[in-house]
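Asks: At position 68 of the sequence shown the residue is numbered 75 (our numbering), and the sequence of numbers has no breaks.
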Amino acid sequence: MRRLLLVRHAPTASTRSAAFPLDEALDDRARAQAARLADVVPARGDVLCSPALRCVQTAGAAGLEATAEPRVAECDFGSWAGRSLADVHAGDPEAARAWMTDPDAAPHGGESLASFSARVRAWLDEQATQDGPAVVITHGGVVKAAVVHAMAAPLQTFWRVDAAPLAVTELHAHDERWTVTRVNCAAPA
8 MRRLLLVRHA PTASTRSAAF PLDEALDDRA RAQAARLADV VPARGDVLCS
58 PALRCVQTAG AAGLEATAEP RVAECDFGSW AGRSLADVHA GDPEAARAWM
108 TDPDAAPHGG ESLASFSARV RAWLDEQATQ DGPAVVITHG GVVKAAVVHA
158 MAAPLQTFWR VDAAPLAVTE LHAHDERWTV TRVNCAAPA
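1) Using C-beta distances below 6 Å, list every residue in its chain close to V95, excluding the 5 sequence neighbours before and after it, in chain order.
2) Suppose you measure from the CA of R128 to the CA of E177; what does that come to, to the nearest Å?
3) Would V154 and L162 qualify as a contact pair, given that the criterion is a beta-carbon distance under 8 Å?
4) Three-state secondary structure (DSSP) at E101?
5) Could you check the C-alpha separation between A89 and A26 for me, to the nearest Å?
6) Could you check the C-alpha separation between P100 and R15 for me, to the nearest Å?
7) How many Å lie between A171 and V79 at the Cα?
8) Which residues share a DSSP beta bridge with G139?
9) Do three or more CB pairs link the region 32-47 to the region 61-77 at distances below 8 Å?
10) Where does E133 sit, in a helix, a strand or coil, going by DSSP?
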């Protein structure tokens, strides 16, 4: 059985302002919040981490020695990185609408939701063949895509899943099939 604890990184300036993320560092407050993950993640098993600075720093603050896993990186938002959805919508409402309603659209020049989800799905299918626990420090989009795949839900369901900073989502794989054990559970404050 594979037990995955998917943990969204600690909050950043982009997270707090509802902006498409840049590769940004954690501030002191976020590092202190991430340190409390040590109380909720197992001390044994694999620890994987997106190569993004905010994920690497979240793992480090929690005292976790993580192996970089590029397939759990956030969606490539292309030219929208660093901008808020409200700003994108104000500047090009049709592009924002297309991105939210058409899984194959990539008006920002980065990954479409369909491409991004396929990357996460391939990684998750590989994880389903593994045994033992694993902690994965990753991004909200990866957590959402993993839950959608685990539930064999339509891709549009992605927009109905939440993954707050430092929240834990737990998936179990039995015979290479996923079950969702918990979603978006807050770490200790």
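Virtual Cβ for every residue (Gly too), placed ideally from N, Cα, C.
Replies: Let me spell this out:
1) One-based indexing of the sequence shown puts residue 95 at position 88. Around V95: W87 and A103.
2) Taking the first residue of the sequence shown as position 1, residue 128 is located at position 121. Taking the first residue of the sequence shown as position 1, residue 177 is located at position 170. For R128 and E177, the distance between alpha carbons rounds to 16 Å.
3) For the purposes of this step, residue 154 is identified with residue 147 of the sequence shown, where counting begins at 1. For the purposes of this step, residue 162 is identified with residue 155 of the sequence shown, where counting begins at 1. No; because the gap between Cβ atoms is not below 8 Å, this pair is not in contact.
4) Counting from one through the sequence shown, the residue named residue 101 turns up at place 94. Helix.
5) Locating residue 89 in the sequence shown gives position 82, where the first residue counts as 1. Locating residue 26 in the sequence shown gives position 19, where the first residue counts as 1. Here the sequence assigns Gly to residue 89, which means Ala is not the residue at that position. C-alpha separation (whole angstroms): 6 Å.
6) Translated into positions along the sequence shown, residue 100 becomes position 93. Translated into positions along the sequence shown, residue 15 becomes position 8. Rounded to the nearest angstrom, the two C-alpha atoms are 28 Å apart.
7) Here residue 171 is taken as the residue at index 164 of the sequence shown, counted from 1. Here residue 79 is taken as the residue at index 72 of the sequence shown, counted from 1. For A171 and V79, the distance between alpha carbons rounds to 16 Å.
8) By 1-based counting over the sequence shown, the position of residue 139 is 132. In DSSP, G139 forms a bridge with R9.
9) yes
10) Along the sequence shown, read from residue 1 onward, the residue named residue 133 stands at position 126. If DSSP states are grouped into helix, strand and coil, E133 belongs with the helices.
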